[in-house]
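Okay, so here's the structure we're looking at.
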Amino acid sequence: MERTLIDTSILVEPFVPWKNNEPNYKKICMSLLRGKLNELNNRWKPVISLSVLGEYHLLLNEKDIFKRLNEEKLKIMKGILNVFITGKEKVGIKREVIEICNEIIHLDSRIEPLDALHIATAIAEKCSNFLFIDYGISGNFKLKKFAKNYNLNLLDFGIKLNADLKRISDGMIWRE
Numbered sequence: 168m169e170r171t172l173i174d175t176s177i178l179v180e181p182f183v184p185w186k187n188n189e190p191n192y193k194k195i196c197m198s199l200l201r202g203k204l205n206e207l208n209n210r211w212k213p214v215i216s217l218s219v220l221g222e223y224h225l226l227l228n229e230k231d232i233f234k235r236l237n238e239e240k241l242k243i244m245k246g247i248l249n250v251f252i253t254g255k256e257k258v259g260i261k262r263e264v265i266e267i268c269n270e271i272i273h274l275d276s277r278i279e280p281l282d283a284l285h286i287a288t289a290i291a292e293k294c295s296n297f298l299f300i301d302y303g304i305s306g307n308f309k310l311k312k313f314a315k316n317y318n319l320n321l322l323d324f325g326i327k328l329n330a331d332l333k334r335i336s337d338g339m340i341w342r343e
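Per the numbering used here, the sequence shown starts with residue 168, numbered consecutively.
Written out as structure tokens, the structure reads:
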């Protein structure tokens with residue numbers, strides 16, 4: 168099975184309150200998350216990096232948007248994530264990760280440092296895929312080419328920016 172590093176965005180996207188104002192965003196995102204995480208377990212070997220877990224922890228504990236979530240939403244979020252995270256391969260940071268991360272950051276100044284760290288981890292760990300919901304990554308052709316040179320596929324979760332979220336469309340699938 169191909170190893171696939173999971174980005175933090177996959178784990179927190181459905182719970183970002185400001186995006187939930189869009190019609191049906193949360194419903195579609197949650198159903199995609201539940202369904203695709205199950206599919207992910209069957210299709211690939213999910214990998215979670217310590218940097219992703221660290222970013223997840225920071226978001227939950229330090230970002231105001233998550234502090235304002237009611238107890239019910241937090242319980243749902245933690246339940247889905249605990250089921251997903253339990254039993255998955257966890258990877259740390261090697262010297263090679265820092266070197267690759269530096270290359271990525273210098274490749275394009277628009278790349279967020281944590282995204283660079285997660286992608287560098289996927290490369291150093293010889294993962295086949297990096298799964299994300301991040302519009303800055305999906306539109307970055309320099310980054311896609313760089314990742315491809317390391318045999319890493321950047322897989323967009325498939326929720327298009329400014330998409331009509333009233334119904335699930337063919338556009339809301341993994342793009343490989």
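Note that CB positions come from ideal geometry on N, CA and C, so glycine has one too. Predicted model only: the values in this text are computed from it and were never measured.
Whose CA, out of K255, S276, K293, F297, lies closest to the CA of L309?
Mapped onto the sequence shown, residue 309 falls at position 142. Note that residue 309 corresponds to Lys in the displayed sequence, not to Leu. Nearest option by C-alpha distance: S276.
C-beta atoms of E169 and S295 nearer than 8 Å:
Start at 1 with the first residue of the sequence shown, and residue 169 comes out as number 2. Start at 1 with the first residue of the sequence shown, and residue 295 comes out as number 128. Cβ atoms of E169 and S295: closer than 8 Å.
By a C-beta neighbour count over all protein chains shown, 10 Å radius and 16 as the cutoff for buried, is P280 buried or exposed?
Reading the sequence shown from its first residue, position 113 is the one you call residue 280. P280 is exposed by the Cβ-count criterion.
Roughly how many angstroms lie between the CA atoms of I361 and Y223, to the nearest whole one?
Because residue 361 is not part of the residues shown, which for the chain are 168 to 343, the question remains open.
With distances taken Cα to Cα, identify the nearest neighbour of N378 among K245, E270, K255, K212.
Outside the displayed range of the chain (168 to 343) lies residue 378, so it cannot be described from this structure.
Once the 5 residues before and after L274 are set aside, which same chain residues still bring their CB inside 8 Å of it?
For this step, residue 274 is matched to residue 107 along the sequence shown. Taken in chain order, the residues that qualify are K309, L310, F313.
Within its chain, find whatever has a CB closer than 7 Å to the CB of S216; leave out the 5 residues flanking it on each side and keep chain order.
Start at 1 with the first residue of the sequence shown, and residue 216 comes out as number 49. Within the same chain, S216 has close Cβ partners L172, V258, H285, T288.
Where does F324 sit, in a helix, a strand or coil, going by DSSP?
If you number the sequence shown from 1, residue 324 lands on position 157. Three-state result, F324: coil.
Quick one: give me the first and last residue of the beta strand (DSSP E) that L310 is part of.
One-based indexing of the sequence shown puts residue 310 at position 143. Premise fails: L310 lies in the alpha helix (DSSP H), 308-316, not in any beta strand (DSSP E).
Buried versus exposed, by CB contacts within 10 Å (16 or more), N318
Sequence index remark: in the sequence shown, residue 318 carries index 151 (1-based). N318 is exposed by the Cβ-count criterion.
Proximity of V214 and K255 at Cβ, strictly below 8 Å
For the purposes of this step, residue 214 is taken as residue 47 along the sequence shown, with counting starting at 1. For the purposes of this step, residue 255 is taken as residue 88 along the sequence shown, with counting starting at 1. Yes, these two residues count as a Cβ contact at 8 Å.
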